[in-house]
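One line per chain: the protein sequences are A and B, in this order.
Per our numbering, residue 1 is the first one in the first sequence, and the count goes up by one each step.
Per our numbering, residue 1001 is the first one in the second sequence, and the count goes up by one each step.
Note that CB positions come from ideal geometry on N, CA and C, so glycine has one too.
This one's a predicted model, so the numbers in the text were calculated from it and none came from an experiment.
Here's the structure, in C-alpha cells; my notes come after.
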Amino acid sequence: MTRRTGWQRLGLGLAVTVLLAFAAFPLLWMGLTALKPPSEIFAWPPRLLPEAPTLSNIGRLFAQTHFVTYFKNSLIVSTAAVVLTLLLAVPGAYGLTRYRFWGRETIAATVLFTYMFAPIMIIIPFYIVMRTLGLANTHIALVLAYCAFSLPFALWMLRTFFQSIPIDLEEAAMTDGASRFRAVIHVVIPMALPGIIATGILTFILAWNDYIFARILISSDNLKTLPVGIADLYNASVIDWGMIMASGLLVIIPVVIVFSYVQKFLVAGWGSGGVKG
Amino acid sequence: MAEVKLVGLEKKFGDVSVIHSINLDIADGEFAVLVGPSGCGKTTTLRMVAGLEEASGGSILFDGKPVKRLQPKDRDIAMVFQSYALYPHMSVRDNMAFSLRMKGVSSSEKKRLVGFAAEMLGITDLLDRKPRQLSGGQRQRVAMGRALVREPKVFLFDEPLSNLDAALRAQMRIEIKRIHQRLRTTIIYVTHDQVEAMTLADKIVVMNRGHIEQVGDPLTLYRRPVSRFVAGFIGSPKMNFFPAKLLSDESGLHADLGDGIRIEMPRERDGVYRPYAGRSVEIGIRPEHLLDDNRLIDSGAIAMDVTIDVVEPLGSTSLITFVLGGTSYTAIGDIALMRRPGNKVRLKAAAKDIYLIDPESGRVVHPADNDSTMIRLAV
C-alpha cells in the first residue's frame, strides 16, 4: 500500500468527520435535549450544551407515561422472538446443511426471496390470520410476526456458518460415541456460537425497533412496545419534546450496551462465516 | 477386540455402484490395511464399517454379530481421520476425554485413561493446549490418543499420515506399529501409500475400482501378485511391464521383447507358460530384480542390453532409466560403476524373478506352489 500524502490524509479526515457528524449529530442532539429544561429546548439561538442540565424529562417520562410498561413489553417480545427464531433456525439451518433431501438447494436459494415483499404487504394477511386464531392484540402475535420475518435471514446466515464447520468433526464425535443430537450440542453448536449470537442480535434489533407490526397487531395500551408507545407521545395535545428525546435516549441505551458487549462475537461471526476454511 | 467380517458388502450412490459386493475376513487382533489408488473405494468401505456411510447391500459382522443397522456410537469403534478432526474449542485433554464423557465415565477413571494414552504417545505436556497451538505431528498424536482412550473393539484409520512430512510419517508408522503390538486391537487402516501398507500390515487388501483385487500378507502380495494391477501397485519403484511375444523353439520357451532382446523362460515353468506360446504377453520384472551389476546372479539369469537414459543416484544404489519401444523402464544400478546417460549396459535378472502376465485378463500366470523357483524364494 502506498503512503498517503498530507493532502490526501486531510481530505480523508474531513470526509470521515462529515460522515460522522451526519450520522451521530442527531443522536448527540437527542441526548443533550433530553437533559435540557423545556425553556432551553426552544431557545433561540439554539445551544448545544444544556445550561442547567436536568433529569426532569426522564422523571416525567416515568411518572406521566407507561414508558416502563412499553419497555418491559419490548424486552419480553424481543427476547421471545430471538429465542423462538433461534430454536427454529438452528435446527432448520443444520438440516439444510447436513441432510440430503429433494429440494434442499431450492429451499436454501429461495428462502431470501421472501424479502422481496415489503412488510406492509404481508401485514394485513398476517393480521387476518392472527385474528382468526384469536391471537390479535397479543404479544404472541408479535413474537410470531418477528420470528416469521427474521427466520429466512437467520436460516440463510446460520447455514453459511454450519457449512464452514467441517463434517469430519461431527463424524469424529459420532465415532466417539455421541448420537447425532449430542454431536450437534457438544461440537457443532459451540463452533457455530459466533454465528448464532450474531443471528440472535440481528433478530433482537429487528424486533426491538419494529414499529409497523406492533402498530397493527397491538391495540391495548398496556401491550404496546416502545416504538409505538413513543410515537403515541406525539399525539398528546402538547408535544413534550424533552420527554420524547428522553425516551429516545432510553430506547437506544440497551441496544448500545448489547452491541458493545457482543461486538467481538459479531465480527468473529461474520468473518468466520463468510470465509470457508 | 473383535473379528470383522464383510459379506457381500455393496455401496451405491444413486445408480452408480462404487463397491461391488466385497467379502473380507479380518481376524481378531489383526492389522489390515486397505490400499489402492484414489477412488478405489477403500475409504467408502472404511466409512461403512464405521457406520458413517450406509451400506446398500451385504452385511458387516463384528464377532459374528451384524452391526449394519447400528449407529456409529453403538459399534464400539474408534476412528482417526485424515484431517485429525480435533474439536477446536476443546483442550487436548477434553478432546481425548470426549468419548469417555459421552459414556459417562467417572472423572477419576477419565483422568487415568487420558493419562495412560497421553503417556503412551508422549503428549502429557500438551494436555492443556488447544488444537490450534499444536504442530501437525502433535495433532496427529492427539487424534490417536483420542482413539486409544476409547479402548474400542476396532480401530479405524483413514489415511492418518498423509498430511505429515516424510520423516514424521516414518516415525509415526513405527509408533502405530508399536501401539498395535502392545494392544493387539483389530485395526483397519486405509492408505494409498503402498509403503505404509507393506510396513504396517499383517494383511493387505488391495482394492481397485470397488473390487478387492487380492488379500494377503505383504510378502505374498509382493512375491505372488495375482494381477498386473497388484504387481504394479505393490513395490517401489513400480514393476516394469515389457510387452513381448512368447515363442517356442528347440531350446524351450522364450520371450521376444523386440530390439533383439530375448528372455529365456525357466524350464520349470514350461508347463504353465506353454499355453501362451505364440501369443502376446507381458513380462514383469521389478526394478530391484533387474540389476546393472557385474556380479553373477545365478545360472538361470537372463540378460538384456540397453542404453541408459537417466541415472538417479540414491546413495547406496542408483536408479537407472532406459527406454525400449518408446516406454521408460527402471533398473537398479551399482553406484560404484559410475554410469552415465548414453552408456550401454547389460542388465541381469534371475529367472525366478520374472512374471508372465496374460494381457487379456490382466492375471499373472504363476507356477504351482511346488515349483522349484518358488521354493528357492521361500528359503
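TODO: Could you give the DSSP three-state label for Met1090 of chain B: helix, strand or coil?
DONE: coil
TODO: Note down, one range per segment and in chain order, each beta strand (DSSP E) of at least 3 residues found wholly within the region 1208–1277 of chain B.
DONE: 1211–1216, 1240–1249, 1252–1258 and 1261–1264
- [ ] Taking only the alpha-carbon atoms, compute the straight-line gap between Val82 of chain A and Lys1073 of chain B and give it to the nearest angstrom.
- [x] 33 Å
Task: Environment of Asp1292 of chain B [buried if 16+ CB atoms lie within 10 Å] - done: buried
TODO: Mind reading off the beta-carbon distance from Ile1308 of chain B to Pro1341 of chain B? Whole number of angstroms is fine, and I expect it under 8 Å.
DONE: 5 Å
Task: Alpha carbon of Thr114 of chain A to alpha carbon of Val143 of chain A, nearest angstrom - done: 18 Å
TODO: Within 10 angstroms of the Cβ of Gly1104 of chain B, are there 16 or more other Cβ atoms? Answer buried if so, exposed if not.
DONE: exposed
Open item on the list: Rounded to the nearest angstrom, what separates Glu1264 of chain B and Ile1283 of chain B at their Cα positions?
Closed with: 11 Å
- [ ] Confirm the yes/no value for this check: CB of Tyr234 of chain A, any heavy atom of the ligand FMN, distance under 7 Å.
- [x] The ligand FMN is not among the ligands present in this structure, which contains no ligands whatsoever.
TODO: Could you tell me if Met121 of chain A is buried or exposed, where buried requires 16 or more neighbouring beta carbons within 10 angstroms of its beta carbon?
DONE: exposed
Open item on the list: Please report the distance separating the alpha-carbon of Lys1012 of chain B from that of Gly1051 of chain B.
Closed with: 15 Å
Open item on the list: I need the straight-line Cα distance from Glu1380 of chain B to Asp1128 of chain B, nearest angstrom please.
Closed with: Given that chain B is displayed from residue 1001 to residue 1379, the structure contains no residue 1380 of chain B and the question cannot be resolved.
Open item on the list: So with CB distances below 9 Å, who are the chain A contacts of Leu1113 of chain B?
Closed with: Ordered by position in chain A, no residue passes the 9 Å Cβ test against Leu1113 of chain B, which lies about 13 Å from the chain.
TODO: Select from B:Ile1176, B:Arg1093, B:Glu1151 and B:Ala1167 the residue whose C-alpha is nearest the C-alpha of Pro1160 of chain B.
DONE: B:Ile1176
Task: Euclidean distance between Cα positions of Gly1210 of chain B and Asp1249 of chain B - done: 42 Å
- [ ] To the nearest angstrom, report how far apart Lys1238 of chain B and Gly1326 of chain B are at their CA atoms.
- [x] 17 Å
TODO: Compare the beta carbon distance of Ala1147 of chain B and Val1049 of chain B with 8 Å and say whether it is the shorter of the two.
DONE: no
- [ ] Pick out whichever of B:Arg1339, B:Thr1185 and B:Val1272 has its Cα sitting closest to the Cα of Val1365 of chain B.
- [x] B:Val1272
- [ ] Take the Cβ of Ser1131 of chain B as the centre, count every other Cβ of all protein chains shown within 10 Å, and call the residue buried at 16 or more, exposed below.
- [x] The identity of residue 1131 of chain B in the sequence shown is Pro, whereas the question assumes Ser. When all chains shown are included, Pro1131 of chain B counts as buried.
- [ ] Answer yes or no: does any C-beta atom of chain A fall closer than 8 Å to that of Pro1072 of chain B?
- [x] yes
TODO: Check the C-beta distance from Tyr1276 of chain B over to Asp1353 of chain B and give it rounded, since I have them as a contact under 8 Å.
DONE: That pair is no contact at about 18 Å.
TODO: Rounded to whole angstroms, what's the CA-CA distance from Asp1094 of chain B to Ser1059 of chain B? Just pull it up for me.
DONE: 35 Å
Open item on the list: For a contact defined as C-beta to C-beta under 7 Å, what are the partners of His1089 of chain B on chain A?
Closed with: Pro190 and Met191
Task: C-alpha distance - Ile1320 of chain B paired with Asp1270 of chain B, whole-angstrom precision - done: 31 Å
Open item on the list: If I follow the unbroken alpha helix (DSSP H) through Leu1168 of chain B, where does it start and stop?
Closed with: Ala1166 to Leu1183
Open item on the list: Considering only their Cβ atoms, is the gap separating Thr65 of chain A from Ala154 of chain A smaller than 8 Å?
Closed with: no
- [ ] Name, in chain order, the residues that DSSP records as bridge partners for Pro1072 of chain B.
- [x] Answer by DSSP bridge pairing: none, since Pro1072 of chain B is not bridged.
Open item on the list: Check whether the region 1244–1261 of chain B and the region 1190–1206 of chain B are in contact - that is, three or more C-beta pairs closer than 8 Å.
Closed with: no
Open item on the list: Using CA atoms only, rank isn't needed, just tell me which of B:Leu1024, B:Met1001 and B:Phe1157 is closest to Gly1008 of chain B.
Closed with: B:Leu1024
Task: According to DSSP, residues forming a beta bridge with Phe1157 of chain B - done: B:Val1080 and B:Tyr1189
Open item on the list: Within 10 Å of its beta-carbon, does Pro227 of chain A have 16 or more other beta-carbons around it, so buried, or fewer, so exposed?
Closed with: buried
Open item on the list: For a cutoff of 8 Å on Cβ pairs, would you count Ala1336 of chain B as touching chain A?
Closed with: no
Open item on the list: Taking contact to mean 3 or more Cβ pairs, one atom from each stretch, closer than 8 Å, check whether the region 150–168 of chain A and the region 120–137 of chain A are in contact.
Closed with: no
Task: Contact the region 216–230 of chain A vs the region 168–179 of chain A: 3+ CB pairs below 8 Å - done: no
Task: For Asn209 of chain A, the nearest candidate out of A:Ser260, A:Val77 and A:Ala23 (CA to CA) - done: A:Val77
Task: Where the alpha helix (DSSP H) through Phe213 of chain A begins and ends - done: Ile212 to Leu217
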